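Counted the way this note's numbering counts, the sequence shown spans residues 554 to 944.
The beta carbon of each residue, even a glycine, is placed where N, CA and C say it ideally should be.
Everything numeric in this text was worked out from a predicted model, so none of it was measured.
These notes concern the structure reproduced below.
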Amino acid sequence: QTLQELLAQAEPETAIAQKPVNILLIGRTGAGKSSLINTLFQAPLAAVDLLPSTDRIQNYQWQSPQGESLVLWDTPGYEQVDRGDFREQVLEFAMQADLLLLATPALDPALQMDVDFLQAVQAAVQEANQKSDQKSDQKSTQNLTQKWGRELPVITIVTQVDRLRPIREWQPPYDWQWGDRPKENAIREAVNYRLQQLGEQCDRVLPFVAGDPATGRVAWGADGLAIALVEAISPAKQLRLARFLRDREARALAAAQIIDHYTLQMATTQGLTALLKSPVLQFISTVSTGSPTLAYVLAERIPVEQLPVVIGKLQMAYELSNLLQPETAEGKGRSFDLRSLWGLLREIPQGEASPEVSRYAWAWGHALVEYWTQNLTADEMRKRLEDYLKR
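Take a look at the structure:
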């Protein structure tokens, strides 16, 4: 009975995945938070200047044509938030965040304010855990149990590492983990120092330099940071976050995760059971034509033994389209046309052995990546699918 109550109160994964991705950005004045936002994300929403650019919590929002949204809260520098009431407000935002980013300038060794704030955040999370455990029989706290079942992921970003000695040397890329150039040694020392000082308060420490078109300074470290963000956040929201990142490698990582997920799902009994329950056919029919009628007609023509593989291919196609398809100047990319893909969706690999299904699903996923990124026709995609199947 207890399990039934918990399951009834639990939010389904699909509902969690549709919620906004919330990121909280903290750090002292001059840490380069606004430049970090402009370099990492696709829309230059944060103004950058020499004076403190925020004296209150700034709320930046990005939204994709598919309705996915990213919310980033940029807090003022620590020097401006000494007031107790404001500090509590920032902690409230931390309680709602999926990921916390701490920006710390490379030339500033004073980290005590950072340590104090991170300790306060984790203490607030632990307190929420304890309260939710005490009231687990109430539906209102079930969501807290799910959200705060683990600590809030924290990534520390060492900004402005181009200012480390030797100052005049800035010729990225740098192998900051293993390289022996003077700049690489300086970057590694700055990262290790923060690892020692922050200790258990953060999950990763990464170096970063924001790009500056005015001076010609090249951004560096954004690729590794973008991937770290995707890896640190809840799996249900990884694809939503990747959608808004500038870095192509982060999107490639997310695309690979989609392909791996559905390749496994279409080749296992548990995965097939989950696919049979999926409403994606009706949903995409409505998106494509404005009516679910097409889905009903098509479903009637799919033999029941083929239904899981067809729907699995369809779900993979839809998720990859949301992640990868280019957006036009009007803000909307190529529409998802169910009818144009239907012939390819109905093509089922010969044989029912899991290795054969897995191989076909893998080839289908990689062909889809080219379909969405290179604007292929259905015939061109079929040829690419055949090429991948030969590998």
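Buried or exposed, going by whether 16 or more other CB atoms sit within 10 Å of the CB of residue i?
i: PRO726; result: exposed
i: PRO719; result: exposed
i: VAL850; result: exposed
i: ALA743; result: buried
i: LEU660; result: exposed
i: VAL857; result: exposed
i: LYS943; result: exposed
i: GLY843; result: exposed
i: GLN818; result: buried
i: ASN591; result: buried
i: LYS830; result: exposed
i: LYS586; result: buried
i: PRO766; result: exposed
i: LEU748; result: exposed
i: ALA808; result: buried
i: SER888; result: exposed
i: ASP715; result: buried
i: THR930; result: exposed
i: ASP728; result: exposed
i: ASN544; result: Here the chain comprises residues numbered 554 to 944, so residue 544 is not present and cannot be evaluated.
i: ALA920; result: buried
DSSP puts residue i in a beta bridge; with which residues?
i: SER622; result: GLN616
i: ARG757; result: ILE708
i: ASP627; result: LEU578, GLN611
i: THR657; result: VAL711
i: ARG640; result: Answer is none; ARG640 lacks a bridge partner.
i: TRP773; result: VAL762
i: PHE594; result: LEU798
State the Cα-Cα distance for the pair residue i and residue j, rounded to the nearest angstrom.
i: ASP940; j: TYR815; result: 20 Å
i: LYS866; j: GLY583; result: 48 Å
i: LEU644; j: ILE579; result: 11 Å
i: LYS892; j: SER841; result: The question names Lys, yet the displayed sequence has Arg at residue 892. Rounded to the nearest angstrom, the two C-alpha atoms are 8 Å apart.
i: SER617; j: PRO735; result: 42 Å
i: GLN614; j: ASP651; result: 15 Å
i: GLY764; j: GLN730; result: 21 Å
i: VAL833; j: TRP895; result: 14 Å
i: VAL758; j: LEU654; result: 10 Å
i: ASN575; j: THR839; result: 29 Å
i: ILE901; j: GLN859; result: 7 Å
i: ALA573; j: PHE761; result: Note that residue 573 corresponds to Pro in the displayed sequence, not to Ala. If I take the Cα positions, the gap works out to 26 Å.
i: ARG640; j: THR628; result: 10 Å
i: ARG581; j: MET666; result: 9 Å
i: ALA656; j: VAL674; result: 16 Å
i: THR846; j: ALA852; result: 10 Å
i: ALA882; j: TYR746; result: Residue confidence is low: ALA882 scores 39 on pLDDT, short of 50, so the model does not pin down where it sits. No coordinate-derived value is stated.
i: VAL624; j: LEU798; result: 13 Å
i: GLY732; j: GLU909; result: 44 Å
From the options, pick the residue whose C-alpha is nearest to that of residue i; which is it?
i: GLU621; options: LEU794, LEU898, TRP917; result: LEU794
i: GLU722; options: VAL771, MET648, ASN612, THR846; result: VAL771
i: TRP925; options: VAL707, VAL910, GLU872; result: GLU872
i: ALA820; options: SER874, VAL863, ARG799; result: VAL863
i: VAL668; options: VAL714, ALA931, VAL707; result: VAL707
i: THR709; options: GLN810, GLY752, ALA677; result: GLY752
i: ALA677; options: GLU704, PRO658, GLN665; result: GLU704
i: ASP890; options: ASP715, LEU798, PHE836, ARG747; result: PHE836
i: THR822; options: ALA789, GLN927, SER911; result: SER911
i: LEU612; options: LEU577, ARG796, LEU782, ASP932; result: Reading the sequence as shown, one finds Asn at residue 612 and not Leu. Of the listed residues, the one whose Cα sits closest to ASN612 is LEU577.
i: TYR913; options: GLU933, ASP932, ARG937; result: ARG937
i: LEU877; options: ASP800, THR768, ALA785; result: ASP800
DSSP three-state call for residue i: helix, strand or coil?
i: PHE889; result: coil
i: LEU877; result: helix
i: LEU717; result: coil
i: LEU825; result: helix
i: LEU652; result: strand
i: LEU664; result: coil
i: GLU909; result: helix
i: ASP940; result: helix
i: LYS830; result: coil
i: ILE786; result: coil
i: SER587; result: helix
i: THR768; result: coil
Shorter than 8 Å from the beta carbon of residue i to some beta carbon of chain B?
i: LEU894; result: Note that chain B does not occur in the displayed structure, where there is just one protein chain.
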